[in-house]
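I have placed the structure first, in the form of structure tokens, so that the comments after it can refer back to it.
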Amino acid sequence: MRLPASNVTVTARVVPDPDLGESPVIRVIVAHRGVLIRRLLAHVLEEESDIRVVAELGSCDEITPAALREDPHVAILDYAMQEKSEIYDTWERLSEAVPECRLLVVMDRATPSLAGAALARMVPRVGLLTTDASPGQFIDSVRRLSRGQSVLDTDIAVAALTAPTHPLTDRERDVLLLAADGVPAKDIAARLFLTDGTVRNYLSRITAKTGGRTLVEAIRRAEEAGWV
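All the letters of the sequence shown, read from the start, carry residue numbers 9 to 236 under my numbering.
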């Protein structure tokens with residue numbers, strides 16, 4: 009699933025915090041599956057006088073409810089907590105609940121380039137940063153997002169420019185979409201008016217084109233790349 013491209017910049021509403029006088033404060037949610045990393049990320053942000061961590065979460069399902077309670081300007085999400093398509097769903101729910109909140113996705117450099125390229129299409133609505141970023145870059149990214157500015161790590165930007173184009177034919181994509189929904193090969197053949205052997209050939213080609221070792225891995229890679 010893809011987020012439609014957009015060149016519109018939306019400025020988040022940074023408001024004064026009563027406990028910090030009249031200085032504007034950026035309210036942040038930190039979501040990371042690792043307790044230690046989550047706490048460290050929060051600590052780095054809490055050292056800044058203009059940033060306040062209002063919630064620390066261990067699962068993506070907690071983000072929207074927490075956002076409704078805390079009205080954050082930025083939500084930080086660990087990419088490893090979910091797949092790209094689920095990140096889109098999280099962002100969709102978050103934007104409906106708190107339209108002015110931005111999402112910063114932090115991903116490991118080892119994340120497949122296709123996944124990074126697919127996520128890059130979500131910028132500027134979503135900021136992307138690798139775990140190799142310095143604390144200063146991390147803090148600056150939060151501030152930039154709170155102002156409605158784009159955040160895109162250089163490595164991810166390069167991946168977006170060099171990622172291969174969509175390799176699947178329309179028919180291969182039709183077959184893969186059904187396979188991703190758990191439809192057996194025999195039923196795929198019946199729905200698309202193909203023979204069982206033809207469907208098996210399509211699935212083999214799809215697996216090879218995506219670089220997956222199995223059909224399940226092929227489906228995952230295609231979803232990460234935004235091909236289905």
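Don't be surprised by glycine CBs; every beta carbon is placed ideally from N, CA and C.
Relative to the C-alpha of His40, which candidate in Gly66, Leu176, Asp79 and Ser158 has its C-alpha closest?
Gly66 is the residue among Gly66, Leu176, Asp79 and Ser158 whose C-alpha sits nearest the C-alpha of His40.
Checking 8 Å against the spacing of the C-beta atoms, do Thr215 and Ala233 come in under that value?
Remark: C-beta atoms of Thr215 and Ala233 do not approach each other more closely than 8 Å.
So the candidates are Leu53, Ala187, Thr72 and Pro32; which of them puts its Cα closest to the Cα of Ser103?
If we check each option's Cα against that of Ser103, Thr72 comes out closest.
Is the number of C-beta pairs between the stretch 176-189 and the stretch 79-90 that are closer than 8 Å three or more?
no
Helix, strand or coil: which one does DSSP assign to Asp5?
An answer regarding residue 5 cannot be provided, because it is not within the stretch 9 to 236 covered by the chain.
Do the stretch 127-140 and the stretch 51-65 meet, that is, are 3 or more Cβ pairs less than 8 Å apart?
Taking 8 Å as the limit for Cβ pairs, the verdict is that the stretch 51-65 does not touch the stretch 127-140.
Compute the beta-carbon to beta-carbon distance between Thr222 and Arg229, rounded to the nearest angstrom, for a pair I have assumed lies under 8 Å.
The pair is not a contact, with the Cβ atoms about 11 Å apart (cut-off 8 Å).
Out of curiosity, what's the CA-to-CA distance linking Ala105 and Asn209?
44 Å
Can you name, in chain order, every residue of its own chain whose Cβ lies under 7 Å from the Cβ of Ala74, other than the five neighbours on each side?
Ile37, Ala63 and Leu65
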